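Chemist:
Residue numbers (our numbering): 3 to 181.
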């Protein structure tokens, strides 16, 4: 049994993305354009705007995810974790963050970021298949990582952007165990 999950409100957090190109109020031009278009009900979307909308929506989601991973890494570092790898890839998939905690455990962290909770909490998106994939990713990582007899843990960090410069972060410590 792991420690009890907890919630921490972070404010202010440097949640805004790095300034590259047109950025206003912490959002890229694509994100602002997407937000402007979302005021129109989905059933009113028409023709060629659909392709642009899908591309813009995908860019907005990618930016939200990137910002979430940045915030999660800072969150862990502030709590004494050493970030070993970020976006580590292997044949089994990608681990968002691989870290070492103060006890020396290797921690595989899945980061889920959402702009609201309309479709549930971010951590609820980590289903059984995603957990199995993370176990395979951990096995690949440990095969290449020079350690012996080290505890391994799987955490989830769920992030909800509550404002342009604030986010709620929930760290689920030991969220699931290897089967």
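For glycine and all other residues, C-beta sits at the position ideal for the given N, C-alpha and C.
These numbers come from a predicted model, not from an experiment.
Run through the segment 112-157 for me and flag every whole alpha helix (DSSP H) of 4 or more residues, listed as ranges in chain order.
Modeler: Taking only runs of at least 4 residues, the alpha helix (DSSP H) segments lying wholly in the segment 112-157 are 130-146.
Chemist: If we require 3 or more residues per run, which beta strand (DSSP E) segments fall completely within the segment 61-95?
Modeler: Whole beta strand (DSSP E) segments, 3+ residues: 84-92.
Chemist: From this set, 83, 118, 175, 125, which residue's C-alpha is nearest residue 168's C-alpha?
Modeler: Checking every option, the nearest Cα to that of residue 168 belongs to 118.
Chemist: For residue 124, count neighbouring Cβ atoms within 10 angstroms of its own Cβ and tell me buried if that reaches 16, exposed if not.
Modeler: Its Cβ being crowded by 16 or more others within 10 Å, residue 124 is buried.
Chemist: Taking C-alpha atoms, which residue in 57, 139, 97 lies nearest to residue 75?
Modeler: The shortest Cα separation from residue 75 among 57, 139, 97 belongs to 97.
Chemist: At the level of alpha carbons, what is the spacing between residue 175 and residue 58?
Modeler: Their Cα atoms are separated by approximately 34 angstroms.
Chemist: So, helix, strand or coil for residue 15, using DSSP?
Modeler: Because the pLDDT of residue 15 is 43, which lies under 50, any placement of that residue in the model is unreliable, and the number read from its coordinates should be weighed accordingly. Reduced to three states, the DSSP call for residue 15 is coil.
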